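Per my numbering, the sequence shown starts with residue 160, numbered consecutively. For glycine and all other residues, C-beta sits at the position ideal for the given N, C-alpha and C. Since the structure is predicted, the reported quantities are computational estimates derived from the model, not experimental observations.
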Amino acid sequence: MTTDWKSIESKYYMPAVRRQPVVIVRGKGTRVWDQDGKEYLDFTAGWAVNNAGHANPVIADAIAEQARTLLQTSNQFYTVPQLQLAEILVENSCLDKVFICNSGAEANEGAVKLARKYGKMHLNGAYEVITAFNSFHGRTLAMTAATGQPHYQEPYQPIPIGFKHVDFNDVEALKAATTDRTAAVMLEPVQGEGGVNLPEPGYLEGVREWCDEKGMLLIFDEVQTGLGRLGTLFGYESFGVEPDVMTLAKGLGGGVPIGAFLAKEHASVFEPKGEHGSTFGGNALTCAAAFASTKYIIDNDLPGKALQMGEYLRNALEGIKERNDSVNDVRGMGLLLAVEFESEMAAGIYPACIDEGLLLGLLGPSAIRLMPPLTVDKAEIDLAVARLETGIKKAASS
Ligand SMILES: *Cc1c(COP(=O)(O)O)cnc(C)c1O
């Protein structure tokens with residue numbers, strides 16, 4: 160007999176998230192299983208988190224060994240996993256210094272604090288950060304304000320000041336919104352949660368040039384695009400545009416909660432005077448997991464695999480589009496892909512796919528998001544695409 164976890168949830172858990180009727184108990188690679196033993200292909204990867212696959216043995220061993228050795232110290236002291244992680248991130252990116260925290264929102268908070276201090280030091284007290292409409296930067300109060308989607312802000316008004324929003328892919332709008340109060344521009348190189356929106360050719364270059372002209376910092380929120388998802392270890396490499404500050408989280412820990420923000424030397428302005436810190440930030444356990452995961456991603460060229468498998472998946476999705484009138488658009492990069500449907504069909508397709516054994520992310524009422532582990536293979540993609548097409552047909556006929 161299985162416990163009725165759904166009624167336990169509705170009795171005890173705050174109803175902030177709409178759940179699907181699936182209790183996931185186990186995972187391996189691209190697959191997960193529910194409490195009845197039903198198998199699913201997980202094309203959410205824990206929201207672009209399990210880049211090296213579920214229950215990756217290399218990461219599991221690193222976690223187990225670290226758990227038996229040292230979990231946590233006070234940040235007054237050095238710990239080895241934290242410094243191994245710092246070294247691998249800096250040595251494999253264009254950034255010079257790192258601070259490790261616990262989530263994406265917290266990484267972005269840290270980046271904005273850096274920008275505000277930078278503004279005080281170098282830009283006559285400028286403090287504003289310009290972000291894009293349809294961006295997503297997290298759920299703390301300040302990151303709710305940074306996120307360019309008013310529906311996330313509305314229940315919490317008044318929200319913190321210091322953020323302005325402009326259209327993505329519009330350098331002129333950015334220029335027009337810039338004032339002597341602007342300290343930084345913060346963008347996702349590819350917008351994830353807000354629609355899987357790609358930058359047009361020249362856009363990120365134009366933003367970079369404008370930031371250089373004004374002496375402002377360019378922050379890339381790579382919480383979703385980092386760690387191989389777009390086909391390069393960090394998303395900025397796919398576009399040849401370097402940020403001054405970059406934030407990471409989702410794919411960083413291989414499944415454990417961790418975030419980080421990195422800065423070039425000139426933007427690394429914190430001083431050890433209590434300006435920033437974190438009890439758990441740089442925790443030995445999460446850093447050991449993140450170091451093992453990052454090393455696995457690099458050693459096994461998962462970015463290269465994401466590029467190859469992304470192309471394979473994209474072609475298969477284009478095939479679905481050709482065969483199904485209800486599919487309007489296929490877009491994305493690497494293994495961050497979206498399928499847009501006619502009208503509000505996604506809400507029906509999504510549960511139909513769960514029935515078929517395929518887990519997806521919803522992207523508003525009319526689109527779905529696919530972001531499998533970067534270890535996904537062709538056979539798994541073929542199976543997932545077949546399940547998706549069945550789900551589409553069932554939703555269309557119901
Ligand atoms: C998910 C996400 C965040 C927030 O990360 P959390 O770990 O949920 O706080 C921030 N930025 C982007 C681009 C994201 O995709």
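Asked, Found
"Contact the region 204-220 vs the region 434-442: 3+ CB pairs below 8 Å", "no"
"E515 - containing beta strand (DSSP E), residue span", "Looking at the DSSP string, E515 is not in any beta strand (DSSP E); the run it does join, the alpha helix (DSSP H), is 505-515."
"Check: K409 C-beta below 7 Å from any heavy atom of ligand 1", "yes"
"Completely contained beta strand (DSSP E) runs for the region 165-240, where each covers 3 or more residues", "183-187, 190-193, 198-201"
"Nearest residue (CA-CA) to I417, options L254, A211, N261", "N261"
"Nearest to A332 (by Cα), restricted to the options E499, A543, Y362", "Y362"
"Alpha-carbon to alpha-carbon, T303 and Q316", "10 Å"
"Under the three-state DSSP convention, the category I259 falls into", "strand"
"First and last residue of the uninterrupted beta strand (DSSP E) at V428", "Premise fails: V428 is in no beta strand (DSSP E) and is neither H nor E."
"Reduced DSSP secondary structure (H/G/I, E/B, other) of G418", "strand"
"Closest Cα partner of D326 within the set D339, T290, R227", "T290"
"Minimum C-alpha distance to V181 - residue among D195, K170, K187", "D195"
"Contact test: H213 Cβ vs ligand 1 heavy atom, cutoff 7 Å", "no"
"Proximal residues to A465 (C-beta, below 6 Å), its chain only, five neighbours per side dropped", "G387, G390, G493, L494, L533"
"V404 versus E424 - alpha carbon distance", "10 Å"
"Candidates I247, Q231, G212, of which the one nearest F450 by Cα", "I247"
"Check: P295 C-beta below 7 Å from any heavy atom of ligand 1", "According to the sequence as given, residue 295 is Phe; it is not Pro. Result yes, Cβ under 7 Å from ligand 1."
"CB-CB length for P145 against G394, believed under 8 Å", "Given that the chain is displayed from residue 160 to residue 557, the structure contains no residue 145 and the question cannot be resolved."
"Proximity test, S262 beta-carbon vs ligand 1 heavy atom, cut-off 7 Å", "yes"
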